[in-house]
Amino acid sequence: MPTLDVRELETDSAMTLSQASVGCDFRIQIVSGPQCDRLRDLGFCESLQVRKLADGRNMICSVCGTRLAISQELGEQVKVTPL
4 MPTLDVRELE
14 TDSAMTLSQA
24 SVGCDFRIQI
34 VSGPQCDRLR
44 DLGFCESLQV
54 RKLADGRNMI
64 CSVCGTRLAI
74 SQELGEQVKV
84 TPL
């Protein structure tokens, strides 16, 4: 019987922040893309907790007690897993 690695399970349940449900808490797994340096400057770093507060043309997220609005395109560059 094959065994599953924890990292495989995290990858299977990973989604982009744009796909994530409003009002739920997530753990940031991967931040990758052309504008990642700016996202990291804003506090979107791996292993931090993020809560998606609102959805629309821009998403409102809470990271480290700070609310930030980011575009859907930036949200596509942030992979998260549910907590």
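The numbering used here applies: residue 4 is where the sequence shown begins, and numbers increase by one. Glycine is no exception: its CB is placed at the ideal position from the N, C-alpha and C atoms.
Do you know offhand how far residue i's Cα is from residue j's?
{"i": "S21", "j": "E79", "result": "6 Å"}
{"i": "E76", "j": "D28", "result": "20 Å"}
{"i": "S50", "j": "P85", "result": "12 Å"}
{"i": "N61", "j": "S16", "result": "24 Å"}
{"i": "A23", "j": "G59", "result": "12 Å"}
Could you check what DSSP says for residue i in three-state terms: helix, strand or coil?
{"i": "C67", "result": "coil"}
{"i": "R30", "result": "strand"}
{"i": "T84", "result": "strand"}
{"i": "R41", "result": "helix"}
{"i": "Q22", "result": "coil"}
Quick check on the burial criterion: 16 or more other C-beta atoms within 10 angstroms. Buried or exposed for residue i?
{"i": "C64", "result": "buried"}
{"i": "A72", "result": "exposed"}
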